[in-house]
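Protein chains in written order, with my numbering: chain A, 14 to 172; chain B, 14 to 172.
Glycine residues also receive a C-beta, built at the ideal position from the N, C-alpha and C atoms.
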DNA sequence: TTTTTGGTTCGGTAACTTCCGAACTAAATA
DNA sequence: TATTTAGTTCGGAAGTTACCGAACCAAAAA
């Protein structure tokens, strides 16, 4: 059940990326990558320990965190006490929904900034006013793009 | 030169947001917000110390970091040794360019994941293949959206 | 009933981040 | 020439994060 050198390399590489994009601890990010790069049969707790070379307690904590965040899921087999972990089937949709939430946040922030500047720094705002507007329009287009994509994915996954 | 309660509230509120979205230390994030919410005349080193209630050394370090990151700039007045700090006129454009870089990164990551899964987990990939494709299309549309917005902003700012 | 399996929980620690104070510097002023 | 101004730089303290080992627990197996 050990990993090919190629997979090990990807786990580290994409792991670093996921630390920032998903705001996860290094170990959690690596586990998440393993789940995404693994077949539907999933991995057991022990396999994850071996692949990550991390301790039992750390694996337990981070697995439970990922479960709670809905990034991974597990299934069991009859007459087998072990849990088999894999990426949540909805993980890309969940990712997009997280993006949607943060875009909405960002739109609010931009609105607060432009509102403040247009009332308290009006002479500054007059000169640069168009740029914040273009920025906001960009954010709104992106929000639409996200909503449409989420809708399309829902359509596929609910059929 | 002290701040209105409204501005103080915004500095903290948007500051927390900027810590994550711009990957800045708390103090750096707050200084950046101050710059964005301030008139074109900018603020001096001492004013920033008073508003943030931070030490000289911390303000110095974080100001230089923000300058290096091109998020803020300063100007001087003849016969006045002080520097006047303000948000970089290009800060929204710079923000979008950072977004563009990370989108391009993300596209690469998604490509690596789908490539790996389609060769090593082909049976898994067959069932979920459409979703990663939609995801990638979403990223490409977003990249276009970003590039167009950056172009529009450049047009305004270079005129 | 004892042991093994498949974990969880807790206390601590090592490493990293963030900030501060004190000493320093270079230019301007007295 | 001495002092003030406008910062910079360095060593370290305090707080936070990420991980580990050891003790623990509940269910199943021996």
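Check whether the Cβ of residue i lies closer than 9 Å to any Cβ atom in chain B.
{"i": "residue 148 of chain A", "result": "yes"}
{"i": "residue 44 of chain A", "result": "no"}
{"i": "residue 91 of chain A", "result": "no"}
{"i": "residue 65 of chain A", "result": "no"}
{"i": "residue 125 of chain A", "result": "yes"}
{"i": "residue 69 of chain A", "result": "no"}
{"i": "residue 15 of chain A", "result": "no"}
{"i": "residue 170 of chain A", "result": "yes"}
{"i": "residue 108 of chain A", "result": "yes"}
{"i": "residue 111 of chain A", "result": "no"}
{"i": "residue 40 of chain A", "result": "no"}
Let me check one thing: in DSSP terms, what residues is residue i bridge-paired to?
{"i": "residue 8 of chain B", "result": "Outside the shown range of chain B, which is 14 to 172, sits residue 8 of chain B, and nothing can be said about it."}
{"i": "residue 85 of chain A", "result": "A/100"}
{"i": "residue 90 of chain A", "result": "A/93"}
Can you tell me the Cα-Cα spacing of residue i and residue j, whole angstroms?
{"i": "residue 21 of chain A", "j": "residue 38 of chain A", "result": "18 Å"}
{"i": "residue 15 of chain B", "j": "residue 77 of chain B", "result": "23 Å"}
{"i": "residue 167 of chain A", "j": "residue 110 of chain A", "result": "11 Å"}
{"i": "residue 81 of chain B", "j": "residue 137 of chain B", "result": "46 Å"}
{"i": "residue 62 of chain A", "j": "residue 43 of chain A", "result": "11 Å"}
{"i": "residue 92 of chain A", "j": "residue 74 of chain A", "result": "25 Å"}
{"i": "residue 162 of chain B", "j": "residue 27 of chain B", "result": "23 Å"}
{"i": "residue 144 of chain B", "j": "residue 169 of chain A", "result": "8 Å"}
{"i": "residue 156 of chain B", "j": "residue 116 of chain B", "result": "7 Å"}
{"i": "residue 159 of chain B", "j": "residue 86 of chain A", "result": "34 Å"}
{"i": "residue 112 of chain A", "j": "residue 32 of chain B", "result": "17 Å"}
{"i": "residue 106 of chain A", "j": "residue 151 of chain B", "result": "12 Å"}
{"i": "residue 101 of chain A", "j": "residue 35 of chain A", "result": "15 Å"}
{"i": "residue 69 of chain A", "j": "residue 127 of chain B", "result": "30 Å"}
{"i": "residue 59 of chain B", "j": "residue 171 of chain B", "result": "33 Å"}
{"i": "residue 165 of chain B", "j": "residue 147 of chain A", "result": "8 Å"}
{"i": "residue 142 of chain B", "j": "residue 125 of chain B", "result": "14 Å"}
{"i": "residue 54 of chain A", "j": "residue 55 of chain B", "result": "59 Å"}
{"i": "residue 135 of chain B", "j": "residue 108 of chain A", "result": "22 Å"}
{"i": "residue 57 of chain A", "j": "residue 104 of chain A", "result": "19 Å"}
Using a Cβ-Cβ distance under 9 Å, would residue i count as near chain A?
{"i": "residue 97 of chain B", "result": "no"}
{"i": "residue 122 of chain B", "result": "yes"}
{"i": "residue 115 of chain B", "result": "yes"}
{"i": "residue 81 of chain B", "result": "no"}
{"i": "residue 21 of chain B", "result": "no"}
{"i": "residue 145 of chain B", "result": "yes"}
{"i": "residue 75 of chain B", "result": "no"}
{"i": "residue 30 of chain B", "result": "yes"}
{"i": "residue 166 of chain B", "result": "yes"}
{"i": "residue 84 of chain B", "result": "no"}
{"i": "residue 78 of chain B", "result": "no"}
{"i": "residue 159 of chain B", "result": "yes"}
{"i": "residue 94 of chain B", "result": "no"}
{"i": "residue 25 of chain B", "result": "no"}
{"i": "residue 105 of chain B", "result": "yes"}
{"i": "residue 87 of chain B", "result": "no"}
Exposed or buried, which one is residue i when buried takes at least 16 other CB atoms within 10 Å?
{"i": "residue 132 of chain A", "result": "exposed"}
{"i": "residue 23 of chain A", "result": "buried"}
{"i": "residue 51 of chain B", "result": "buried"}
{"i": "residue 94 of chain A", "result": "exposed"}
{"i": "residue 153 of chain A", "result": "exposed"}
{"i": "residue 40 of chain A", "result": "buried"}
{"i": "residue 83 of chain B", "result": "exposed"}
{"i": "residue 98 of chain B", "result": "buried"}
Residues of the region 127-140 of chain B with Cβ closer than 9 Å to any Cβ of chain A, in chain order: Within the region 127-140 of chain B, the qualifying residues are 129, 130, 133, 134, 136, 137, 140.
Selection of the region 47-62 of chain A by Cβ proximity to chain B, strictly under 8 Å: Residues 49, 50, 51, 52, 53.
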